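Numbering (the numbering used here), first residue to last: 17 to 843. Using N, Cα and C, we set each Cβ at its ideal position, and we do this for glycine too. Predicted model, so just to flag it, every value in this text is computed and none were measured. I have placed the structure first, in the form of structure tokens, so that the comments after it can refer back to it.
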Amino acid sequence: MARFRGALFLFLAITACVPREPIPLKVEYAGCKAVLMPGPVCVFDSNGTLQLWVEAPPDAGIEIQVDEKRIDTAAEHIRNGQAFSLTLPSEAKRLDVIASSPAGQASWSLSLAGNLLRGVSKKLEDIHDEITDGRLAAARKMLETIQLPSRAPAESRFGVSYYRGLLAEKEGDYRTAMAEVQEAEEIAERAKLGRYRWMAEHKRAMLLIGVGRFGESVQLFERLRREPYAWTPCEEAQVPTNQAWAMLMAREAGERSADPTPLLEEALSTYETCAKFTPADRINILIDLAFAHLQEGRLTQAKDLLAQAHELEPDPPLPLLLWLLDLEARISLREGRPMEAFHLFDEIGKLASAASSPEDRLRAVFGKAQAYEDLGKRTAALESLRNAETLLDELSLQVPLQEGRETFMATRHAVVNLHVELILDQGRNAEALNVARHGRSRLIRQLERSHSLANLSPDQRERLESLLADYHRKRATLEERAKDEWRLPADQVPREQAAREAEAEAVKKLLDQAFQVLPRERSKEEPSLPRPGELILAYHPLSHGWAGFAADGKTVRVHRFELPPDLSRLDRLSAALLLPFRDSIERARQIRILPSGPLQGIDFHALPFDGDVLLAKAPVVYGLDLPVSTSPARERERHALVVADPRDNLGGALDESRRVIEVLHSGSPPWNTEELKSTEASAEAVSERLASADLLHYAGHGSFSGFGGWDSSLLLAEETRLTLGDVLALRRVPAWIVLSACDTGRSSTEVPVESLGLAHAFLLAGSRAVIASIRPAKDREVSEFFPVFYREWDREPDLAVALQRAQLSWRKRNPRADWQGFRLFEP
């Protein structure tokens, strides 16, 4: 349960009046007690300070005049502009800002009026109350009536963005919520409004909880607790309350987290000193404490706390009521009263639908499925779970790609787990495997666009192409700036890097917008069947233990097991993961691995099996489960692009490149090769040539970084990079990708869904197969391995077989080498 109840004393000018002349200079201003219309006219106290932020490069000349007299004041560089703090004389009538640069001169002005305190608009406070009480439709209607003028003060623009974000969060629209809260945070930073920035960061921390980024949220709350921006003890207590909520939700999702009870007790103690400690505030704490006891199985204590909450307020605000009912329903399930739980979850569903709260609807549908199961109504339970999966599909699309869509899915994966378990209990193994595969590949399927393009209208296709073109153009501009960074004076480098980082985040959003154009109804087709002679081994976490599946196209076998606590014990892993399917493995001509969570870090092909390793029994590939065919689409056209040592610091890469090109030239028929090495291999040069290549061999540095791997990249010349996002946005990629670099096949092992890495991005962009490493690769060993691989591939057209032979040969010649470090990934 988490809310922010601090009143916002914002002075909002609500008017449709817009200046006739466009303002050529962007300026943020804050500090007005009121803003009068028409004008605008800034009303300020005689001893008031006005904050200005002017969008301008560091070398631009900024002149500030009050009543045509120049004021000398120091500038502070914030983001891509300059900030000023002014103390205005009480008789001041006009403020002018004049910016001069080689491009010309621009100006901005504001009328001033001192000692004219005007009434404060209550509209935003009214919107706050509507949202807090769960009347979202009324809040939206009120927000839509606010029309700010183009030169509204920073306080007013902050307030509108803040409440748009708060409303969007309650409606389950995390994309809009994050964008609006970020805008509010930037307004506050530019205008040097410390308290407002603190409030926006508080809301950002709450959004991080919503998308499952609990650790980041806890860290942010910990910092906010140390900042002096709470006006009252009530506000001060909200921070530890919400930090405790982040910890509760982490535990709810199965993550390890400290006991939140001390934080809640601290908050309750602080609330006791608050003059406006309302019953709703106390109920909020009681619910959180009850939740903590429930998670530890202390049902009696949880029930006592919920009873106290009901006594305090028989008709609490809707958000609190929904959680009261939820916890009571869970207790009913624990105590063996499923019919009572069902009615409570049903009531939650009705209230959530009326309040347009999709998150509460999802909890209600899932809870009803649990109640149906306990009542022995398996058919109804499965129908409820199918509805929950559909709702999870819809909700996850509202989370921006780069902001934690995979963690959002992971924290709600209990829906998939129960779905799989109930189907398994009915002996429907093949159906259970399909549900597990769909849940595992949910994120990846949402990003697959080759099948979806056929269903786009001409307008949608044009919109998609325009967004991708805009993305490429802006990314190219950023890379050009990166190349020129060395020309800057040392004191300007940090500012340039910060500005570039902010722009890079904005560019990522273009990619998110592009994928939003794709049809919302992703492919509903069943996952692909095993190919002739292929065995699929899939592993899915359940609420207790794991389920392993072995599918050969005729039958699906299932084995339930507990994962060994020490994943470095390969013999125990093999006993749990492979030996139960020994007969199926013995018959397979190829094995496709579909791992989840921590098993994605396991080299299945190197696990001991039948006196050797699994790879000695059959070729092994790692699949994403994309709804695309992995059968050969066309003959190889033999055009290879070889990129070698772009950063001039990986000596073995040049030797590897030379050897690889020799082998490719001697092929039957020979490959037509083009090499980009050292300074030739910039991001622009590589991107241009990828479209005409059938094979990319990259020998250089790879990087897995950023939240969810979104900052992963291939490092290229002149400090440029080919990022994961760049790959997803490419119009055409080579059919075959070989990434001889560290961490290029790596993705997150923290979530039970398939997330993203560079190898995954190439497959999503259209590649048929990618060979990549999930960890650091040893330069000298790799330079010896890939020439062997290409010789095998020339003799054996099946890529999986060629890689198998090369790895086993390498292992035989050099047993200590990391022969198992590279994997073959397929769609």
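Is it right to say residue i is buried, meaning 16 or more other beta carbons lie within 10 angstroms of its own, or is it exposed?
i       : result
Leu-666 : buried
Gly-210 : exposed
Ala-649 : A caution first: Ala-649 carries a pLDDT of 42, below 50, which makes its placement in the model too unreliable to give a value.
Pro-831 : exposed
Ser-684 : exposed
Leu-437 : The amino acid at residue 437 is misidentified as Leu; the sequence shows Glu. That one is buried.
Val-509 : exposed
Met-355 : exposed
Pro-244 : exposed
Trp-726 : buried
Between residue i and residue j, which are expected to be in contact by the criterion C-beta below 8 Å, what is the C-beta distance as a whole number of angstroms?
i       : j       : result
Ser-559 : Asn-433 : 5 Å
Ile-347 : Lys-319 : 6 Å
Gln-616 : Ser-763 : 7 Å
Arg-180 : Glu-196 : 4 Å
Gly-564 : Pro-596 : 7 Å
Ser-756 : Tyr-714 : 6 Å
Arg-905 : Gln-414 : With the chain covering only 17 through 843, there is no way to say anything about residue 905.
Ala-822 : Phe-801 : 7 Å
Tyr-178 : Met-215 : 7 Å
Roughly how many angstroms separate the alpha carbons of residue i and residue j, rounded to a whole number?
i       : j       : result
Lys-49  : Glu-171 : 10 Å
Val-227 : Arg-220 : 11 Å
Glu-808 : Ala-669 : 20 Å
Ser-372 : Gly-455 : 25 Å
Leu-322 : Glu-252 : 24 Å
Pro-662 : Ala-168 : 49 Å
Ser-825 : Lys-633 : 14 Å
Arg-490 : Leu-484 : The identity of residue 490 in the sequence shown is Lys, whereas the question assumes Arg. Rounded to the nearest angstrom, the two C-alpha atoms are 10 Å apart.
Glu-842 : Ala-452 : 18 Å
Leu-140 : Leu-159 : 8 Å
Asp-407 : Glu-375 : Per the sequence presented here, residue 407 reads as Leu, with Asp not at that position. The alpha-carbon atoms of Leu-407 and Glu-375 are separated by roughly 9 Å.
Gln-442 : Thr-395 : 10 Å
Glu-550 : His-556 : 19 Å
Ala-153 : Leu-338 : 17 Å
Ala-155 : Arg-428 : 28 Å
Glu-107 : Asp-83  : 10 Å
Arg-829 : Trp-835 : 10 Å
Ala-387 : Arg-267 : 22 Å
Arg-497 : Ala-701 : 16 Å
His-326 : Phe-723 : 41 Å
Arg-444 : Lys-570 : 14 Å
His-655 : Glu-691 : 11 Å
Glu-185 : Leu-579 : 37 Å
Start and end of the alpha helix (DSSP H) containing residue i?
i       : result
Val-436 : 430-441
His-218 : 210-226
Ala-253 : 249-268
Thr-192 : 190-206
Asn-300 : 295-311
Gly-667 : 667-681
Gly-383 : 374-390
Val-743 : 740-745
Ser-482 : 474-499
Thr-395 : 394-412
Val-176 : 170-186
Which residues does DSSP pair with residue i in a beta bridge?
i       : result
Trp-752 : Leu-711 and Ala-785
His-556 : Ala-563
Arg-608 : Ile-552 and Val-637
Glu-691 : Val-658
Ser-125 : Asp-112
Arg-573 : Ala-566
Phe-841 : Tyr-638 and Val-786
His-93  : Gln-98
Grab the span of the beta strand (DSSP E) containing residue i for me, first residue to last.
i       : result
Glu-44  : 43-46
Asp-112 : 110-117
Glu-79  : 77-82
Arg-242 : First-last for Arg-242: undefined, no H or E at that position.
Leu-824 : Run containing Leu-824: none in the beta strand (DSSP E); it sits in the alpha helix (DSSP H), 815-829.
Leu-730 : 729-731
Phe-60  : 57-60
Thr-65  : 65-71
Got a sec: does the ligand NAP put a non-hydrogen atom nearer than 7 Å to the Cβ of residue i?
i       : result
Ala-515 : The ligand NAP is not part of the structure shown, which contains no ligands of any sort.
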